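Protein chains in written order, with this note's numbering: chain A, 4 to 132; chain B, 9 to 582. Have a look at the structure below before the remarks.
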Amino acid sequence: MKKILVIEDNEQNLYLIRYILEDCGFEVFSAMDGKGGIELAASLLPDAILLDIQLPVMDGYEVARSLRRNPDLADAPIIAVTSYAMPGDKEKAIQSGCSGYIEKPIDPDMFASQVQAYMQKRHNKRGNE
Amino acid sequence: MKRITSTVYPLPHSHTHIPTHSPTHILTHILLVLTIAFFLTATPAGAEDRVIRVGVYDNAPKIFVSGSGKPEGIFIDIIEYIAKREGWKLSYIHGTWGEGLARLERGEIDLMPDVAYTAERDKKYSFNKVPVLSSWFQVYSRKGSGIRSLLDMRGKRIAVLEGSIQQEAFIRMADSFGLHMTIVPVSDYDKVFEVVADGGADAAVANHFYGALHARKFGLEDTAVVFNPSALYFASRKGANDQLLNTIDNNLSGLKKDTRSLYYKSLKRWTSEEVQFKLPAWIQTLGIIIGLALVMSIIGAMLLKHQVNIRTRELREANQRMEERIIERTAELAAAMEKAQAADKIKSAFLATMSHELRTPLNSIIGFTGIILRERVGPLNEEQKKQLNMVRSSSQHLLALINDVLDISKIEAGQLQIAHEDVDIRQVIEKVVQSASPLAENKGIEIGYRIIAEDTQIMADSRRVEQVLLNLVSNAIKFTEKGSVRIACESDGPNITVNVTDTGIGIKEEDMETIFKTFRQVDSGISRKHEGTGLGLSISRRLVQLMGGRIWVASVFGSGSTFYFSLPRNKRKV
Chain A
4 MKKILVIEDN
14 EQNLYLIRYI
24 LEDCGFEVFS
34 AMDGKGGIEL
44 AASLLPDAIL
54 LDIQLPVMDG
64 YEVARSLRRN
74 PDLADAPIIA
84 VTSYAMPGDK
94 EKAIQSGCSG
104 YIEKPIDPDM
114 FASQVQAYMQ
124 KRHNKRGNE
Chain B
9 MKRITSTVYP
19 LPHSHTHIPT
29 HSPTHILTHI
39 LLVLTIAFFL
49 TATPAGAEDR
59 VIRVGVYDNA
69 PKIFVSGSGK
79 PEGIFIDIIE
89 YIAKREGWKL
99 SYIHGTWGEG
109 LARLERGEID
119 LMPDVAYTAE
129 RDKKYSFNKV
139 PVLSSWFQVY
149 SRKGSGIRSL
159 LDMRGKRIAV
169 LEGSIQQEAF
179 IRMADSFGLH
189 MTIVPVSDYD
199 KVFEVVADGG
209 ADAAVANHFY
219 GALHARKFGL
229 EDTAVVFNPS
239 ALYFASRKGA
249 NDQLLNTIDN
259 NLSGLKKDTR
269 SLYYKSLKRW
279 TSEEVQFKLP
289 AWIQTLGIII
299 GLALVMSIIG
309 AMLLKHQVNI
319 RTRELREANQ
329 RMEERIIERT
339 AELAAAMEKA
349 QAADKIKSAF
359 LATMSHELRT
369 PLNSIIGFTG
379 IILRERVGPL
389 NEEQKKQLNM
399 VRSSSQHLLA
409 LINDVLDISK
419 IEAGQLQIAH
429 EDVDIRQVIE
439 KVVQSASPLA
449 ENKGIEIGYR
459 IIAEDTQIMA
469 DSRRVEQVLL
479 NLVSNAIKFT
489 EKGSVRIACE
499 SDGPNITVNV
509 TDTGIGIKEE
519 DMETIFKTFR
529 QVDSGISRKH
539 EGTGLGLSIS
549 RRLVQLMGGR
559 IWVASVFGSG
569 STFYFSLPRN
579 KRKV
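Written out as structure tokens, the structure is:
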């Protein structure tokens, strides 16, 4: 069973994502902040990481950079899940090391398939740059 | 006979000084003997108080008696200098030139100054050897008499000092030219010019020293007639005072060698006056005028300079104040700018935060509603489905509102970035038609499109082009109750134009411009029926403008509208 780590500080959204992904047969792990997420990712080595960008203390960009510094996670799919706010947010997420980007509010019908698509496309740092 | 006596006391000779504090008596004695010996040889006359009688006559500036009764002139300066050096006492005997010469002959005086050498005189007098002065004679005429040269003097009356050399010389010269003129003999030099000034003669002969000094005074001017250059000497009775003449020669040679000596000072002193007298009145007047003008212009220049300085200072001060003001204002502006930038940053941050804060709860509302409506959690009855659909519809409307408000805010903050990418208008139209079709079908409205343009590729922001077209199509469906919504794409030179035509309610002429403004929806009565943000057209217009295009509408109220937007192709140059 594929393991997905969700780093999300909003309880309702976390529940929603967990529900949708578990419904599709994924094993879902979660962390409510960046620090916990990084630690869990290091021990869990998940098949994908869903990362909220607007996180308390350490924001998603920082978390993504930190995750990429771990050689074991260098090519793991990291998908930013965030509300499109200001121009350049998506570019910033990609530059920080994210390999995918899903805009909030999520479409419950499409969400799982979007995640799966990004999981197939392994992160290739050089290819993205 | 006037007898003027001037006494010159012998100066203590430098060698007569006896050192009184000599260390030894022998040295003192030797010095004393030497000094006495030198003293005796240095005074050839041998007498300590020798009196030299000198004849004086009036021939300024060479020799004359001044108004105060004192003999003066170049010869007097020289002889007094020599007397001072030699320890002579001088005694002056004043008289006319003729008297002077007669006295010399009779032995009543020892020296007669200012005597020109002639062979005839040499028989009666002895002369010193170094010429005291060089002189020549010149004819001076009354101004306006027309006498400029020798030939002009034919038949004229010429005043000449009686019995003088110039008389002889002049007559000789006149004769040699065969000129006949009347000679007016005058006893005194002063009278020579006076006679001419009074009209008793037409011209006068005088030496150039005298003429230079006096001609102006008498209203005379010099002519080109110059003759008989001569050297002037001190004369004594033949053979009577040769020692005296030798002493004079010794002194004179010394005086003439040194350009800074009394000799030259005296010449300068007595002839510099002549320069002054030579100046014509008009030159003096002119000189005064020029001088005054110069002084006035200097004063004027100084005043001007002063004023300029004041103005310069004022300007500099004004400039400084201005600079200070500019610096102040710049600082204020910089502060204001910083404040504005800070405000902008705050606004951006606020927008980003609000976007997140509003979307986060919406995310779960829309998400969970969707999950429940798909009956993944469990079966729903019809009423539950109906009400949950309303929740979803309202939340989607709320999301649209949030998105629109965000867009407008970003546009107004100048933070909306427009991508410049390849866009195929055909694909955009197809996508929009596909997503709008369910809505049209629900209302029973026909929807279709037609691509007339051959090339539908442009450079623009695909997401924003799609947003604009979707807005227009949504509006068309919203305001059309029956009939159709048709999209057409045409090529328009460098632009591509897309239009959306509906068979809806149409727009009144006067509303055609206001509908593009923020929060405007035509006819408030209808707006309730057709809910929307009222921001769609405003945003569309701004987006089209940002992409370099324009948007407009044509409508017949009651029978439908056509919205157009055109965008430049902006194709990369191949």
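Ideal Cβ placement from N, Cα and C applies to all residues, glycine included. Predicted, not measured: the structure shown is a model, and the values here were computed from it.
Where does residue i fall in DSSP's three states?
i: B/N507; result: strand
i: B/K490; result: coil
i: B/S261; result: helix
i: B/N67; result: strand
i: B/W278; result: helix
i: B/N405; result: Note that residue 405 of chain B is His in the sequence shown here, rather than Asn. In this structure, B/H405 counts as helix in the three-state DSSP scheme.
i: B/L253; result: helix
i: B/Q290; result: It should be pointed out that residue 290 of chain B corresponds to Trp in this sequence rather than to Gln. In the structure shown, B/W290 sits in a helix (DSSP, three-state: H, G or I).
i: A/E106; result: strand
i: B/K525; result: coil
i: B/G208; result: coil
i: B/K97; result: strand
i: B/R337; result: helix
i: A/D55; result: strand
i: B/I155; result: coil
i: B/S569; result: strand
i: B/Q314; result: Before going further, note that residue 314 of chain B is His rather than Gln in the sequence given. B/H314: helix per DSSP, three-state reduction.
i: B/T361; result: helix
i: A/E65; result: helix
At the 9 Å Cβ level, is residue i part of the contact set with chain E, yes or no?
i: B/P369; result: Reference to chain E is not applicable here, since the protein chains of this structure are A and B.
Near residue i, which residues of its chain fall below 6 Å by C-beta distance, leaving aside the five closest residues on each side in sequence?
i: B/H428; result: M467
i: B/V213; result: F145, V147, V168, Q174, F178
i: B/F242; result: L119, P121, N136, I256
i: B/G106; result: G171
i: B/A124; result: I173, S238, L240
i: A/C27; result: A115
i: B/A448; result: I455, I485
i: B/R165; result: T190, V192, A209, D210
i: B/L366; result: I410
i: B/G556; result: P576
i: B/V283; result: Low confidence applies here, because B/V283 scores a pLDDT of 44, under 50, leaving its location unreliable; read the following figure in that light. If we look at B/V283 and ignore the five residues flanking it on each side, it has no Cβ neighbours.
i: A/I56; result: G63, A83, T85
Can you tell me which residues form a DSSP beta bridge with residue i?
i: B/Q465; result: B/D432
i: B/V140; result: Partner(s): none; B/V140 has no beta bridge.
i: A/K6; result: A/E30
i: B/C497; result: B/I459, B/V506
i: B/N215; result: B/F145
i: A/P80; result: A/P80 pairs with nothing; no bridge assigned.
i: B/A562; result: B/T570
Just tell me which of the options has its CA closest to the CA of residue i.
i: B/N477; options: B/I166, B/E521, B/L575; result: Looking at the sequence itself, residue 477 of chain B is Leu, so the reference to Asn does not match. Ranking the options by Cα distance to B/L477, first place goes to B/L575.
i: B/G568; options: B/V140, B/S499, B/S492; result: B/S492
i: B/F185; options: B/V233, B/V303, B/M310; result: B/V233
i: A/S69; options: A/S99, A/F114, A/P108, A/K124; result: A/S99
i: A/I52; options: A/Y104, A/D112, A/P108; result: A/Y104
i: B/R458; options: B/N450, B/E438, B/L447, B/S305; result: B/E438
i: A/S86; options: B/K516, B/V385, B/N411; result: B/N411
i: B/T522; options: B/V431, B/V508, B/L543; result: B/L543
i: B/I504; options: B/E128, B/D432, B/A351; result: B/D432
i: A/E42; options: A/A120, A/N16, A/E94, A/A67; result: A/A67
i: A/K5; options: A/L24, A/Q57, A/V60, A/S46; result: A/L24
i: B/V59; options: B/S99, B/I90, B/Y65, B/N67; result: B/S99
i: A/K38; options: A/L17, A/E11, A/N16, A/Q117; result: A/E11
i: B/D352; options: B/Q315, B/Q404, B/A421; result: B/A421
i: B/V508; options: B/L554, B/T570, B/A461, B/E518; result: B/T570
i: B/G378; options: B/Q392, B/T368, B/N397; result: B/N397
If I measure Cβ to Cβ from residue i and keep anything under 8 Å in the same chain, skipping five residues before and after, which residues do I get?
i: B/V436; result: S470, V473, E474, L477
i: B/G227; result: R150, K151, A205
i: B/G154; result: D160
i: B/S22; result: Confidence at B/S22 is low in this model, with a pLDDT of 42, below 50, so its placement is unreliable and the value that follows should be read with caution. Excluding sequence neighbours, B/S22 sits near nothing in its chain.
At a cut-off of 8 Å, is residue i close to the ligand SAM when judged by its beta-carbon and the heavy atoms of the ligand?
i: B/G154; result: Within the structure as shown, the ligand SAM is missing, as the structure has no ligands at all.
If residue i sits next to residue j, beta carbons under 8 Å apart, how far is it from one beta carbon to the other, in whole angstroms?
i: A/V84; j: A/L54; result: 7 Å
i: A/I20; j: A/P49; result: At roughly 14 Å, the Cβ-Cβ gap does not stay under 8 Å, so A/I20 and A/P49 are not in contact.
i: B/R114; j: B/G63; result: Wrong, their Cβ atoms sit about 11 Å apart, outside the cutoff.
i: B/F487; j: B/G512; result: 4 Å
i: A/N16; j: B/S372; result: 5 Å
i: B/V138; j: B/L270; result: 15 Å between Cβ atoms; not a contact.
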